[in-house]
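Have a look at the structure below before the remarks.
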Amino acid sequence: MCKKIGRVDKIQDMKILILSGFLGSGKTTALMKLARFLVAHSAPDRENKVMILENEVGEVGIDDAFLRGGGFQVDNLFSGCACCTVSGELVSAADRINREYDPEWLIVETTGIAYPRNMQENLKYALKLDSRIVILVDASRWNRLLIPMNNLLRGQIEGSDTVLINKTDLVDIETLEKIEKDIAGFEPAAVVFRISALGDIPPEVWRKVAGECEA
Amino acid sequence: MNGHNHHQHMHDENCSCGHDHTQEHFHGDNCSCGHDHTHDGNISGVQEDGIGVVYTEYHLHDEARVISGRLTVAGAYDAVKKAVSHALEQYAEAVREAGGIVGHIKASCQVMTVEMFSVTESNVSVKTAPQQEIRIILAAIVFLIEPEKAEELARKALETVCDSAGI
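These protein sequence lines map, in sequence, to chains H and X.
Counting along the first sequence from 1, when you hit position 21 you're at 21 in our numbering, and nothing is skipped either side.
Counting along the second sequence from 1, when you hit position 128 you're at 1128 in our numbering, and nothing is skipped either side.
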């Protein structure tokens, strides 16, 4: 359980990871593993290590209850997408969490229809807080979604720091190579990993997601 | 961040929260009526609903059709769990048959089992209520389908759960 700190003499602002990707790509599963990694590798003197801000576009939340059941400290933004309709609420929530809880890490799990770069820009503009973007991609549905959902898939990957191609166990090598090529076409600078979020994910993947030496 | 839905009601109002409201108040007030108005058992801000009543609604977000639904049933959870799984699969198939794309269709079930403890002399007796109350929350995001159609299919999905639970 996270404790309120209320510090005004903060030495270092919290680090923010924006975890995004299309619906069904495995964000929540990956989030739980990422959060555990960050907790295990956070500064021992930090009272609150990781907080999760969960955004769900529907009227009620489902993932937040699941995450709380996993023992994580979760805050919610319901009824809108934090990249647009509830962007102000995202900034307010991040600011409040930073001031009141002073965690080392804030992970923002976006809706599956969000454009995370908008969120990154809003956090930077309003709060002067830097963030990194990690995108989950569902390998098993990539080819089926690529044409009808092209704008959204492209918009999510553009500007991202890391892309995790998930569910790699469900597709063949040729499909994976094509996905990697597509991703490189959307964001050449992104570091791309192949993972299966239901299995073990090597620590070097999470270190890269967190910004290499920062975790 | 979003708390539960605080609504105001009057004496003898036929309110769905299930309490006897003997004075005007807001849920969460420290009133003297003796009931717990905090509704901590609610899921994510939804008011308590009647058993077997299906609620659905939709809104649009760019090209996405965002469907929310909820239903509370009383029955054996194992049967309801199977019915929910089946209903979600049927819903996804119906969306695809209508030419739509399933972003995701999710549901959560909050299961409440009531056990009564009583003691008159020295030994406590424990009785378990024969049925569980199960609150089902549905959240779907679909594309390339008329929103009214997507909502109608969600309603049908929840109604089949209702039927399976024997309500």
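Beta carbons are placed, not taken as given, at the ideal position from N, Cα and C, and that holds for glycine.
Query	Result
Evaluate Leu17 (chain H) with the Cβ neighbour count: other Cβ atoms within 10 Å of its Cβ, from every protein chain shown; 16 or more gives buried, anything less gives exposed.	buried
Are the beta-carbon atoms belonging to Val1142 (chain X) and Val1084 (chain X) less than 8 Å from one another?	no
So, with DSSP's three-state summary, where would you put Val1080 (chain X)?	helix
Compare the C-beta of Ile62 (chain H) against all C-beta atoms of chain X and say whether one is closer than 8 Å.	yes
So, helix, strand or coil for Gln156 (chain H), using DSSP?	helix
Can you look up Leu1144 (chain X) in the DSSP assignment and give me helix, strand or coil?	coil
Let me make sure I understand the geometry here. Which of H:Ser160, H:Glu174, H:Thr175, H:Arg194 has the alpha-carbon closest to that of Gly211 (chain H)?	H:Ser160
Taking only beta carbons into account, state which residues of the region 54-85 of chain H come closer than 9 Å to chain X, listed in chain order.	Glu56, Val57, Gly58, Glu59, Val60, Gly61, Ile62, Asp63, Asp64, Ala65, Phe66, Asp75, Asn76, Leu77, Phe78, Ser79, Gly80, Cys81, Cys84, Thr85
Answer yes or no: do Met1112 (chain X) and Glu1133 (chain X) have a C-beta to C-beta separation smaller than 8 Å?	yes
Going by C-alpha to C-alpha distance, which of X:Thr1120, X:Ile1136, X:Glu1146, X:Ala1107 sits closest to Gly1075 (chain X)?	X:Ile1136
Could you give the DSSP three-state label for Lys1106 (chain X): helix, strand or coil?	strand
Quick one: what's got a C-beta closer than 8 Å to Ser92 (chain H)'s C-beta in the same chain, skipping five residues either side?	none
Can you tell me whether Thr1128 (chain X) is buried or exposed? The criterion is at least 16 other CB atoms within 10 Å of its CB, across all chains shown.	exposed
Taking Cβ-Cβ distances shorter than 8 Å, what residues in chain H pair up with Val1066 (chain X)?	Val57, Gly58
Please list, in chain order, all residues of the same chain as Ile97 (chain H) whose beta carbon is under 8 Å from its beta carbon, the five residues on each side excluded.	Met14, Met51, Leu53, Asp75, Pro103, Leu106
From what residue to what residue does the alpha helix (DSSP H) around Phe250 (chain H) run?	What the structure shows of chain H is the stretch from 1 to 215, and residue 250 (chain H) is not part of that stretch, so it cannot be assessed.
I'd like to know whether the C-beta of Gly1103 (chain X) is nearer than 8 Å to at least one C-beta of chain H.	yes
Please list the terminal residues of the continuous alpha helix (DSSP H) segment that includes Thr29 (chain H).	27-40
Spatial neighbours of Leu1153 (chain X) within its chain, please: C-beta separation below 6 Å, excluding the five flanking residues on both sides.	Tyr1091, Ala1094
Taking only runs that begin and end inside the region 120-154 of chain H, name each unbroken alpha helix (DSSP H) of 4 or more residues, in chain order.	142-145
Residues in the same chain with beta-carbon distance under 8 Å from Gly155 (chain H), minus the five sequence neighbours each way, listed in chain order, please.	Tyr115, Arg117
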